[in-house]
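*Asks:* Got a structure for you, questions after.
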Ligand code: 3HC
Ligand code: NAI
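In the working numbering, the protein residues as written are 18 to 715.
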């Protein structure tokens, strides 16, 4: 027996305690240990029941994800589950913390299940591009019916113990030490003469409308295939005998294991955890974060204040004038009432947050006691410098001074203070209380504990924090500017904005770039083009057709007209006929003969532009690792999670093929398509972006 399972005997009951910290993932050693421990219990004279428990913070978090993609090793989990279920002994699973994926599947193979009230059970495999592969698609519907089983499997969301009991997944919910509770339950079952109760022997669930369900789940997945595949696996549980159903589940599971989507989603899983793990911050203590100051209560300031309030911090918000202060207060109350409506906070909590935890003022002296300030005033260097000079004079020593600037130079802002080591960029995304991404922008003189405080704030606010260096647009907006330009070029050359949006939504993006531009406001791009015009290289191709729409006062959704026209109260628009005319006029002026683009070509050019700029961002050290770019695009820019991020996408395509396409595009526009040196190096060495992630983890 491996050392992953501790075997103890308590009268006629054996306890199998899984000891594989931190979350008891079912590695080969755990599976082997459980197998051997079952054999030992069955051979142990007088043992009548087995209780399986987990040590530490979870029962079992599922299969060991680090083993995926490697050749499977025996004993395979589905066989182990069958072996547990087939045991002549009475098997009880006593669960606490999470029982996820294979963890729940082990429990479903036990004959009885008991869990702590705080326990959660779930089947998150779809979030890894998979379906349950050790019997849950066959056993769960036998307990809950097909519909409820599908809800759990296709959403991947865990449910609480009491809900699981109501669905028939658990037999009992009981407070107490899992081992003691499990032993008492097993003893009671033995005393009552309870018999083995294999779930696989229960009658199959009733059929539902499988094709309609499949289509609905496929559409909801926006290109993700695993949830829809799960529908077919559950379907066979109602149509075939258990053993054949299990085989079909295994076949579908193994098929998904070979897909790019599985690779992408597992990359996302580990990157999400690695992204905030910076070696330079090991042992560096963040500063305290009890009270937060926010300067400017517009869209961003109000969102940041809302996020901080929801995380339990006190907030002091500064506006310029009393009316603006009132408007800011209303904006924050509006955000919080959204949380109230969704049941995230109670009315009492809402009242405390808006009346006690939040102070809105026009007096900078109210900031004298805050631990960290985020400035979110207009995007103008002179205004920002003035604000930072004021902050320097009123904030206590050690207060972290952060700017939410989108593009401006954080070094220059820091130089407006006498304490540049305390200055950092904290770049939130709109709406700041909802979007998960936070770019922590480290300037030349930023102190390490200030960086650690930026990450600590991100964690407290429930964000995914990514370290970025200083450059125009940092990681995300800089890369966005480039792939947006690639889309603009395609429009000039003959693709319509609507074809481009559709091709990219079909690829898996939440929205296409032109719909996003309408949402963010066309005035932003217009101002940026004006700002950059003086330094523009003569070879740079910049479409100006959309500026003509801006000149007429049309800025996208907020004015009802942009690339699309928006009927009052509608979020989705219809193509604006003016756009085609403006594009045609510009093409005529530039002497361009429009040519057709396939959707595939659109996606390829867009992605190659993204990857090329991302490789420059990594090569220059603005992002430390390719995974930092991947997480930025995933959590801030609606990049489809099942591709893992643009760098992972490029790895899957093969870097030489991505580079070859960039070189081919460069034949027409050598200025825009300058290959990133890092991409050239990796392609020449036969290495991948993920190799750089691995190097950084060493
Ligand atoms: N395999 C391998 N490592 C795992 C793991 C797993 N299933 N689950 C978590 N870990 C690792 C994490 O990578 C992390 O490692 P690190 O400390 O080196 O970064 C460590 O365990 C702790 O994890 P978290 O930081 O995520 O801790 P939390 O307490 O925040 O969350 C959790 C715990 C809810 C268990 C969360 O880790 C999680 O959701 N894990 C994945 C669960 C999952 O997807 N299970 C299904 C696996 S697929 C399967 O079972 C297939 C089967 O059907 C055949
Ligand atoms: P906004 O125009 O909605 O709000 C700015 C607010 O700052 C206004 O309410 C204004 O009254 C206030 N203000 C201006 N000068 C001030 C001063 N000296 N003292 C106190 N208050 C002052 O602007 P928005 O969109 O909230 O942007 C703010 C900052 O956040 C900008 O730097 C912007 O680039 C950045 N940002 C914006 C994003 C967005 O999607 N809107 C996303 C990420 C960053």
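Here a beta-carbon is modelled for each residue, glycine too, at the ideal position from N, C-alpha and C.
#1: Starting from the Cα of residue 93, find the closest Cα among 338, 59 and 47 and give me that residue.
#2: Short of 7 Å in beta carbon distance, which residues of its chain neighbour residue 345, apart from the five on each side in sequence? Order them along the chain.
#3: Please go through the same chain and pick out, in chain order, the residues whose beta-carbon is closer than 6 Å to the beta-carbon of residue 34, but skip the five residues on each side of it.
#4: Out of 43, 57, 45 and 698, point me to the one whose CA is closest to residue 25's CA.
#5: Which class does residue 217 belong to by DSSP, given the choice of helix, strand or coil?
#6: Residues in its own chain within less than 6 Å of residue 349 by CB, not counting five upstream and five downstream?
#7: So what does DSSP say about residue 334, is it helix, strand or coil?
#8: My assumption, with CB atoms under 8 Å, is that residue 223 sits in contact with residue 153. Please give the rounded CB distance.
#9: Quick check on residue 171: buried or exposed, where buried means 16 or more other Cβ atoms within 10 Å of its Cβ?
#10: Just checking residue 73 against ligand 1 - is the residue's beta carbon closer than 7 Å to any of the ligand's heavy atoms?
#11: Decide if the region 518-536 is in contact with the region 238-247; the criterion is three or more beta carbon pairs, one per stretch, under 8 Å apart.
#12: Closer than 7 Å: is that where the CB of residue 274 sits relative to any heavy atom of ligand 2?
#13: Which value, in whole angstroms, describes the spacing of the CA atoms of residue 433 and residue 490?
#14: Residue 440 and residue 418: beta carbons closer than 8 Å?
#15: Using three-state DSSP, classify residue 452 as helix, strand or coil.
#16: Does the Cβ-Cβ distance between residue 11 and residue 137 come in under 8 Å?
#17: Got a sec? Which residues, its chain only, sit under 8 Å from residue 27 by beta carbon, not counting five neighbours each side?
#18: Look at the alpha carbon of residue 120 and the alpha carbon of residue 129, and state the distance between them as a whole number of angstroms.
#19: Say the cut is 7 Å; is the CB of residue 423 nearer than that to a heavy atom of ligand 2?
#20: For the region 409-424 and the region 436-453, state whether three or more C-beta atom pairs, one from each stretch, are separated by less than 8 Å.
#21: Taking the alpha-carbon of residue 87 as reference, which of 29, 271 and 715 has the nearest alpha-carbon?
#22: Within the present structure, is the beta-carbon of residue 82 separated from the nearest heavy atom of ligand 1 by less than 7 Å?
#23: I'd like to know whether the C-beta atoms of residue 285 and residue 651 end up nearer to each other than 8 Å.
#24: Mind checking whether residue 98 and residue 126 have CB atoms under 8 Å apart?
#25: Identify which residue in 395, 304 and 107 has its Cα closest to the Cα of residue 209.
#26: Touch check for the region 546-558 and the region 261-278: three-plus C-beta pairs under 8 Å?
#27: Quick one: is the Cβ of residue 526 within less than 7 Å of any heavy atom of ligand 1?
#28: Provide the residue(s) that pair with residue 117 in DSSP beta bridges, ordered along the chain.
#29: Could you give the distance in angstroms between the alpha-carbon of residue 212 and the alpha-carbon of residue 61?
#30: I want to check one thing, is the minimum distance from the CB of residue 445 to the heavy atoms of ligand 2 below 7 Å?
#31: Name the two residues that bound the continuous beta strand (DSSP E) containing residue 444.
#32: Does ligand 2 have even one heavy atom less than 7 Å from the beta-carbon of residue 467?
#33: Using the rule of at least 16 other Cβ atoms within 10 Å of the residue's Cβ for burial, across every protein chain shown, is residue 410 buried or exposed?
#34: Is it the case that the Cβ atoms of residue 68 and residue 104 are separated by a distance below 8 Å?
#35: Where are the beta strand (DSSP E) runs, 3 residues long or more, that stay fully inside the region 185-248, in chain order?
#36: Determine, using beta carbons only, whether residue 402 and residue 430 come nearer to each other than 8 Å.
*Replies:* Walking through what the data contain:
#1: 47
#2: 314, 318, 319, 334, 336 and 377
#3: 23, 70 and 72
#4: 57
#5: helix
#6: 319, 322 and 323
#7: strand
#8: With 8 Å as the limit, residue 223 and residue 153 do not qualify as a contact, their Cβ atoms being about 18 Å apart.
#9: Counting of Cβ neighbours within 10 angstroms places residue 171 among the buried residues, the total reaching 16 or more.
#10: no
#11: Because the criterion of three Cβ pairs below 8 Å is met, the region 518-536 and the region 238-247 touch.
#12: no
#13: Each residue's alpha carbon lies about 20 Å from the other.
#14: yes
#15: coil
#16: This structure cannot speak to residue 11, because the chain is shown only from 18 to 715.
#17: 200
#18: 14 Å
#19: yes
#20: yes
#21: 271
#22: yes
#23: yes
#24: yes
#25: Out of 395, 304 and 107, 107 has the C-alpha closest to the C-alpha of residue 209.
#26: no
#27: no
#28: 139
#29: Looking at the two C-alpha atoms, the distance is approximately 19 Å.
#30: yes
#31: 440-445
#32: no
#33: exposed
#34: no
#35: none
#36: yes
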